Amino acid sequence: AAKMLFEVTAVLVLLVLLARWKSPEIYDIVIIHMTERWYSEVLGRLEAGQRVLDVGIGTGGALCTPANAALVATKRLKIVGIDYEERYIAKARASSASAGLSEALKVHCASVYDPSLPEMVGTDFDCAYFSGSFSLLPDPCEALRAVAALLKPGGVIYITQTFQRRALPGMSVVKPLMKYCTTIDFGQLVFEREAVGFVERAGMELVENVVVPRSVDNSLQVARLIVARPKRR
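Going letter by letter, the sequence shown gives residues -21 to -1, 1 to 212 in mature numbering (1 follows the signal peptide of the UniProt record, and there is no 0).
Structure (structure tokens):
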């Protein structure tokens, strides 16, 4: 019995190590099919030549799909992406090169809470974008305020996120633990009704709050696009 337990434990450890080694690939398999649509929705709203801060860019795979890369190139967008996971940033650099976006997309391994972020990425962004990264934030209001400080006057923040309409029993415990078996941090449960509250408490003005077309929309969850901007003084 002890030998069997040891063998099972060894196999599980090897699987976890393999998953962590291949974490960018696993991320792309699980995430891109959904976030590609979200990026398309936001990119379609941007004006030519705009400068964009992508907060939580991940592997960059959703941005670098052929259709979305074409939008970036056609609109001559300049995008700066940040993520705290070094493996994801390495994959994002490779993805941008493969998609022909090396000049349009620059990425940095950094946290949105880093006080040196303005020196690292610059300021005067036309907009910022949280694609599925909002539920990962330990302090969403502070993150919104940090990003708002990097925007030009009149700049806006886009948020696309799957929000809960209701949760199955135990989901609030299970979701944060999923990162240990998938290597992907899915964050905490964020309910649909909470989203606007974060925006308001951050001192932001809600511009738009709509369901993302052709994305998640069922009795449990809904993918929403939220547009906010700093309140005018």
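No residue lacks a Cβ here, since even glycine has one placed at the ideal position from N, Cα and C. This one's a predicted model, so the numbers in the text were calculated from it and none came from an experiment.
Counting only the same chain and skipping the five closest in sequence on each side, list residues whose C-beta sits under 8 Å from that of Val191.
Translated into the one-based positions of the sequence shown, residue 191 becomes position 212. Result list for Val191: Arg16, Trp17, Glu20, Thr139, Ala202, Arg203 and Leu204, in chain order.
Own chain, CB closer than 8 Å to Val195, minus 5 neighbours either side, in chain order
Here the question's residue 195 lines up with position 216 in the sequence shown. Excluding positions up to five away in sequence, the list reads Met13, Thr141, Val201 and Ala202.
Straight-line CA distance for Val175 to Ala207?
Here the question's residue 175 lines up with position 196 in the sequence shown. Here the question's residue 207 lines up with position 228 in the sequence shown. Between Val175 and Ala207, the C-alpha separation is close to 9 Å.
What does the Cβ neighbour count give for Ala46, buried or exposed, with the cut at 16 atoms within 10 Å?
Position 67 of the sequence shown, counting from 1, holds the residue named residue 46. Exposed: under 16 other Cβ atoms inside 10 Å.
Note down, in chain order, each residue of its chain lying with its Cβ closer than 6 Å to the Cβ of Trp(-1), except the 5 sequence neighbours on either side.
Taking the first residue of the sequence shown as 1, we reach residue -1 at position 21. The predicted position of Trp(-1) is uncertain, since its pLDDT is 43 and thus under 50; a value taken from the coordinates is nonetheless stated next. Cβ neighbours of Trp(-1) beyond the five flanking positions: none.
Beta carbon of Thr38, beta carbon of Tyr67: below 8 Å?
Position 59 of the sequence shown, counted from the first residue, corresponds to residue 38. Position 88 of the sequence shown, counted from the first residue, corresponds to residue 67. Yes, the Cβ-Cβ distance between Thr38 and Tyr67 is below 8 Å.
Local Cβ density within 10 Å of Arg30, reported as buried at 16 or more and exposed below that:
What you label residue 30 is simply residue 51 of the sequence shown in a count that begins at 1. Buried, by the Cβ-count rule.
If I'm right that Leu96 touches Arg144 with Cβ under 8 Å, what's the distance once you round it to whole angstroms?
If you number the sequence shown from 1, residue 96 lands on position 117. If you number the sequence shown from 1, residue 144 lands on position 165. With 8 Å as the limit, Leu96 and Arg144 do not qualify as a contact, their Cβ atoms being about 33 Å apart.
Using three-state DSSP, classify residue 213 as helix, strand or coil.
Here the chain comprises residues numbered -21 to 212, so residue 213 is not present and cannot be evaluated.
Residue from Val169, Glu121 and Glu171 with nearest C-alpha to Pro209
Residue 209 sits at position 230 when you count from the first residue of the sequence shown. Answer by Cα proximity: Glu121.
If I measure Cβ to Cβ from Asp103 and keep anything under 6 Å in the same chain, skipping five residues before and after, which residues do I get?
Your numbering for residue 103 matches position 124 in the sequence shown. If we look at Asp103 and ignore the five residues flanking it on each side, its Cβ neighbours are Lys131.
Answer with buried or exposed for Gly23, where buried requires no fewer than 16 other C-beta atoms within 10 angstroms of its C-beta.
Residue 23 sits at position 44 when you count from the first residue of the sequence shown. Label assigned to Gly23: exposed.
Comparing alpha-carbon positions, which option in Ser114, Pro119 and Tyr108 lies nearest Ile136?
Within the sequence shown, the letter at position 157 stands for residue 136. Cα-wise, what sits closest to Ile136 is Tyr108.
Among residues of its own chain, excluding the 5 on either side of Ser112, which ones have a beta-carbon nearer than 7 Å to its beta-carbon?
Numbered from its first residue, the sequence shown carries residue 112 at position 133. Result list for Ser112: Val34 and Gly35, in chain order.
Distance between beta carbons of Arg124 and Ala181, contact taken as under 8 Å:
Here residue 181 corresponds to residue number 202 of the sequence shown, with the count starting at 1. Here residue 124 corresponds to residue number 145 of the sequence shown, with the count starting at 1. Their Cβ separation, rounded to whole angstroms, is 5 Å, which keeps Ala181 and Arg124 in contact under 8 Å.
For Lys85 and Val51, which I take to be in contact (beta-carbon distance under 8 Å), what is that distance rounded to the nearest angstrom?
Along the sequence shown, one-based indexing puts residue 85 at 106. Along the sequence shown, one-based indexing puts residue 51 at 72. 12 Å between Cβ atoms; not a contact.
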